[in-house]
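Novice: Below is one structure. I have some questions about it.
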Amino acid sequence: VIRDYYRSRYVPYYKPIDKKRCPSPPTGWMSWNVYFDTAGEKENLDEARLGAKHLKPFGMAIWHIESWQDNSDKLPVQKFHNLTLRADPRKFPSGMKWLAERIRELGFKPGIWTVPFGTGDQAFYEAHKDWFLHHPDGKPMQNWCGYYVLDPSQEAVRKHMEETHRVMSQDWGYEYFKIDGMSGRNHSYSAHFFERSEVRAAFKERCEDPFRLCVEALRRGIGPDRIWLACQGHYSGPEIGQADAGRIGSDIVHPNHPPHWENYTHQAWTTLNQLFVNNIVWYNDPDTLMVGAAPLNVARVATVVVALPGQMMFSGDKLAELTPERMRLLQQSLPVCDVRPLDLFPIFEMLPVWDLKIRRPFGSWDVVSLFNWTDQPADVECRFGELGLPTDSEYLVYDFWNGRLLGRFRDRFIAPIPPRSNVLTAIHRVSDRPQFLSTDRHITQGGVELEDLAWDETSGTLSGRVRLVEHHPTRLTFHVPPPYELESLKTDGADEANAKPNSDRTLVLTLGRATPGSAAWRLKFNRK
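Going by our numbering, the final residue of the sequence shown carries number 531, and the count climbs one at a time with no gaps.
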């Protein structure tokens, strides 16, 4: 045991994650990566109605509003009127409180984006000139947050931050806050900006830790029960212990452009090098899961990168434009599985093998993704010993994307993978009796939806229970070795049930319900 491992190496403000306010990684939808600065109340509510139909039953919880401030109809963010609480009248004529109420009526928690450190509003600047930072020649300082940047050393400034966020939280009713312009990775964001010598020299008050004081004021403003994503936050800053989640990389897209392969690989790279803090000090936000514009193979890579490690999962596509196959990728990522990292250090290589170990009282298995990050076809090898599995056993490997059993393997298996693609598998130690392999409900293949599983040797019965989504049947796949054959199926709680044996010795059980809830099954086998 290494005492103070995180605090002494990576997380100086270390506090263990507190799940009372936010028991699982936030999930939702937000407009920025497809609408950018053009989405208003109509676009957000049109999308929310689709989300309520297609994604809320699977576990999506938050509907998040971006670029709502006055003068926010066109980039850059510097010119947005961030500090006045005036909504852009062309995009949000009914106001932000009204919009929060409509979002809540659809069954979502309303979320809102803020940039509390600066503004592009000259009138506000002129009315509060003493609140802002200036160069020695009297010109206002500026950064990404605004043409005019607040002086965090002043208590009145921090009170303004606190009060505006109190209004958004308590008066307007927003329950999720994406607060931007925080630590970042360059000197144009607040934490680094406030440490620059010329900026500190411009402070009106002596202030040793200005950014921490701002963070504390923001938490007081939104209140103890609101969920906070520190956008461009960082685990090395004072956001830890105040924010529930932190953005770990840059935007998945550039404004008014679709995502490119380099955006997706950057999303994977930042996931690997910051995953060691996820679900330990806060939840990681890898930015939105974009599945609509990319080829299907790339969309599947993105789905695994975002969702398999148990990070935040926010969708960022125009939902009406998604095919059922693409919508299914979002559904198979919800809700987020409760995943904690095994590697407690940053990783800076594009690893080709990612392993999620599912451990439940009724069983255990590995969900393994093999990636080909290159532009050429590649054979990717997975050695069972490197997964920590016993090397003296054989394993069944199931292909999730294609819904097929790849076979029975000892020591290793090798997958031929096209460029910019992945193979998502479930790996189970071979048993000499019928055994569970996978479901098509979630990419963890039982890690979220499977509630029980049991084998009774005396009666030759495999039984279990699975949680179902209304009007969306779930397929469970089993391996049935000889000499076993299915004799009968009994279910409880399912409106639809059928079992189909296949020639590869797999059996597919399909269960469905008209209402959300669990269904139990009993598969009885005989030996021929």
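Where is the CB? At the ideal position from N, CA and C, for every residue including glycine.
I want to know whether the stretch 101-113 touches the stretch 137-145 - three or more CB-CB distances under 8 Å.
Specialist: No, because fewer than three Cβ pairs between the stretch 101-113 and the stretch 137-145 fall closer than 8 Å, the two stretches do not touch.
Novice: For the 8 Å Cβ check, are there 3 or more pairs between the stretch 344-351 and the stretch 56-66?
Specialist: Result no; under three Cβ-Cβ pairs closer than 8 Å.
Novice: Tell me which residue opens and which closes the beta strand (DSSP E) that Ala429 is part of.
Specialist: Locating residue 429 in the sequence shown gives position 426, counting from the first residue. 424-432 is the span of the beta strand (DSSP E), which, as asked, contains Ala429.
Novice: Which residue's Cα is closest to the Cα of Asp40: Pro139, His260, Phe206?
Specialist: Position 37 of the sequence shown, counted from the start, is the residue given in the question as residue 40. The option with the nearest alpha carbon to Asp40 is His260.
Novice: Of all the options Met353, Val307, Pro355, Leu354, which has the alpha carbon lying nearest to the alpha carbon of Leu337?
Specialist: In the sequence shown, residue 337 corresponds to position 334, counting from 1. Of the listed residues, the one whose Cα sits closest to Leu337 is Val307.
Novice: Whose C-beta lies closer than 6 Å to the C-beta of Ala1 among residues of the same chain, with five residues either side of it excluded?
Specialist: Because the chain spans 4 through 531 in this model, residue 1 falls outside it and cannot be assessed.
Novice: So Trp32 is in the beta strand (DSSP E); what residue range does that whole segment cover?
Specialist: Translated into the one-based positions of the sequence shown, residue 32 becomes position 29. Unbroken beta strand (DSSP E) run through Trp32: 30-33.
Novice: From which residue to which residue does the beta strand (DSSP E) around Glu490 run?
Specialist: Locating residue 490 in the sequence shown gives position 487, counting from the first residue. Run containing Glu490: 487-495, per the beta strand (DSSP E) assignment.
Novice: Contact between the stretch 145-155 and the stretch 67-77 is defined here as three or more beta-carbon pairs at a separation below 8 Å; is this criterion met?
Specialist: Flag = no, the stretch 145-155 and the stretch 67-77 do not touch.
Novice: Measuring CB to CB, does Met315 end up less than 8 Å from Pro60?
Specialist: Against the sequence shown, residue 315 aligns to sequence position 312. Against the sequence shown, residue 60 aligns to sequence position 57. Not closer than 8 Å, so no.
Novice: Please identify the residue among Glu158, Phe135, Met33 whose C-alpha is closest to the C-alpha of Pro113.
Specialist: By one-based count along the sequence shown, residue 113 stands at place 110. Nearest option by C-alpha distance: Met33.
Novice: Can you tell me whether Arg303 is buried or exposed? The criterion is at least 16 other CB atoms within 10 Å of its CB, across all chains shown.
Specialist: As a first step, residue 303 is located in the sequence shown; it is residue number 300 there, counting from the start. Arg303 comes out buried.
Novice: Three-state secondary structure (DSSP) at Glu208?
Specialist: The residue you call residue 208 lines up with position 205 of the sequence shown. In this structure, Glu208 counts as coil in the three-state DSSP scheme.
Novice: Pull up the distance between the alpha-carbon of Arg530 and that of His482, whole angstroms please.
Specialist: The count along the sequence shown starts at 1 and reaches residue 530 at position 527. The count along the sequence shown starts at 1 and reaches residue 482 at position 479. Taking the straight line from one Cα to the other gives about 14 Å.
Novice: What does DSSP give as the partner residues of Pro519 in its beta bridges?
Specialist: Taking the sequence shown and counting its residues from 1, the one referred to as residue 519 is at position 516. The partner list for Pro519 (beta bridge, DSSP) is empty, contrary to what the question assumes.
Novice: Mind reading off the beta-carbon distance from Arg516 to Asp495? Whole number of angstroms is fine, and I expect it under 8 Å.
Specialist: Numbered from its first residue, the sequence shown carries residue 516 at position 513. Numbered from its first residue, the sequence shown carries residue 495 at position 492. Contact flag wrong, Cβ pair sits at about 11 Å.
Novice: For Lys493, count neighbouring Cβ atoms within 10 angstroms of its own Cβ and tell me buried if that reaches 16, exposed if not.
Specialist: Stepping through the sequence shown from its first residue, residue 493 is reached at position 490. By the neighbour-count rule (16 or more Cβ atoms within 10 Å), Lys493 is not buried but exposed.
Novice: Hey, could you find the ends of the alpha helix (DSSP H) Arg222 is sitting in?
Specialist: The residue labelled residue 222 in the question sits at position 219 within the sequence shown. Counting along the chain, the alpha helix (DSSP H) containing Arg222 begins and ends at 213-225.
Novice: Have a look at Glu108 and Arg52 and give me their C-alpha separation to the nearest angstrom.
Specialist: Here residue 108 refers to the residue found at position 105 when the sequence shown is read from its first residue. Here residue 52 refers to the residue found at position 49 when the sequence shown is read from its first residue. Their Cα atoms are separated by approximately 10 Å.
Novice: So the candidates are Pro476, Phe528, Arg470; which of them puts its Cα closest to the Cα of Pro485?
Specialist: What you label residue 485 is simply residue 482 of the sequence shown in a count that begins at 1. The candidate whose alpha carbon is nearest that of Pro485 is Phe528.
Novice: Pull up the DSSP beta-bridge partners for Leu500, would you.
Specialist: Here the question's residue 500 lines up with position 497 in the sequence shown. Correcting the residue identity first, residue 500 is Ala in this sequence and not Leu. The partner list for Ala500 (beta bridge, DSSP) reads Leu514.
Novice: With a 10 Å radius around its C-beta and 16 neighbouring C-beta atoms as the bar for buried, classify Met353 as buried or exposed.
Specialist: Numbered from 1 along the sequence shown, position 350 holds the residue referred to as residue 353. It is exposed - the Cβ of Met353 has fewer than 16 other Cβ atoms within 10 Å.
Novice: Applying the 10 Å Cβ sphere with the 16-neighbour rule, what's the burial state of Tyr128?
Specialist: Taking the first residue of the sequence shown as 1, we reach residue 128 at position 125. Counting Cβ neighbours within 10 Å, Tyr128 comes out buried, since at least 16 surround it.
Novice: Assess contact between the stretch 255-274 and the stretch 236-246, defined as three or more Cβ pairs (one per stretch) separated by less than 8 Å. Is contact present?
Specialist: No: the two stretches stay apart, fewer than three of their Cβ pairs being nearer than 8 Å.
Novice: Verify whether the separation of the beta carbon atoms of Arg222 and Gln245 is less than 8 Å.
Specialist: Here the question's residue 222 lines up with position 219 in the sequence shown. Here the question's residue 245 lines up with position 242 in the sequence shown. Result yes, Cβ atoms of Arg222 and Gln245 sit closer than 8 Å.
Novice: Under the rule that 16 or more other beta-carbon atoms within 10 Å means buried, what is Ser506, buried or exposed?
Specialist: As a first step, residue 506 must be located in the sequence shown, where it is residue number 503. Classification of Ser506: exposed, given that the 10 Å Cβ count is below 16.
Novice: By Cβ distance, which residues of its chain are closer than 6 Å to Gly43, with the 5 residues on each side in sequence left out?
Specialist: As a first step, residue 43 must be located in the sequence shown, where it is residue number 40. Here the set comprises Lys94, Phe95.
Novice: So, under 8 Å CB-CB, Val383 and Leu392 are touching, yes? Tell me the CB distance rounded to an integer number of Å.
Specialist: Start at 1 with the first residue of the sequence shown, and residue 383 comes out as number 380. Start at 1 with the first residue of the sequence shown, and residue 392 comes out as number 389. That belief does not hold up - the Cβ atoms of Val383 and Leu392 are roughly 17 Å apart, past 8 Å.
Novice: From the DSSP secondary-structure annotation, give me the bridge partner or partners of Leu465.
Specialist: Translated into positions along the sequence shown, residue 465 becomes position 462. Partner(s): Trp458, Leu526.
Novice: Nearest-angstrom Cα distance between Tyr17 and His137?
Specialist: Within the sequence shown, the letter at position 14 stands for residue 17. Within the sequence shown, the letter at position 134 stands for residue 137. Tyr17 and His137: Cα-Cα distance of roughly 34 Å.
Novice: If distances are taken between C-alpha atoms only, which option among Val256, Trp368, Glu452, Leu325 comes closest to Val339?
Specialist: Taking the sequence shown and counting its residues from 1, one reaches residue 339 at position 336. Residue Glu452 is the option with its Cα nearest to Val339.
Novice: Quick check: what's the CA-CA separation for Thr428 versus Pro344?
Specialist: On the sequence shown, position 425 is the one that residue 428 refers to. On the sequence shown, position 341 is the one that residue 344 refers to. Thr428 and Pro344: Cα-Cα distance of roughly 19 Å.
Novice: So, with DSSP's three-state summary, where would you put Trp376?
Specialist: The residue labelled residue 376 in the question sits at position 373 within the sequence shown. Trp376 falls in the coil class under three-state DSSP.
Novice: Would you mind giving the Cβ-Cβ distance between Gln334 and Leu58, rounded to the nearest angstrom? I have them listed as a contact below 8 Å.
Specialist: Numbered from its first residue, the sequence shown carries residue 334 at position 331. Numbered from its first residue, the sequence shown carries residue 58 at position 55. Between Leu58 and Gln334 the Cβ distance is about 7 Å, and since that is below 8 Å, they are a contact.
Novice: Beta carbon of Asp290, beta carbon of Ile243: below 8 Å?
Specialist: Within the sequence shown, numbered from 1, the residue matching residue 290 stands at position 287. Within the sequence shown, numbered from 1, the residue matching residue 243 stands at position 240. Cβ atoms of Asp290 and Ile243: not closer than 8 Å.
Novice: Find the nearest neighbour of Pro421 within the set Pro15, Val301, Pro364, judged by alpha-carbon distance.
Specialist: Mapped onto the sequence shown, residue 421 falls at position 418. For Pro421, the nearest C-alpha among the options comes from Val301.
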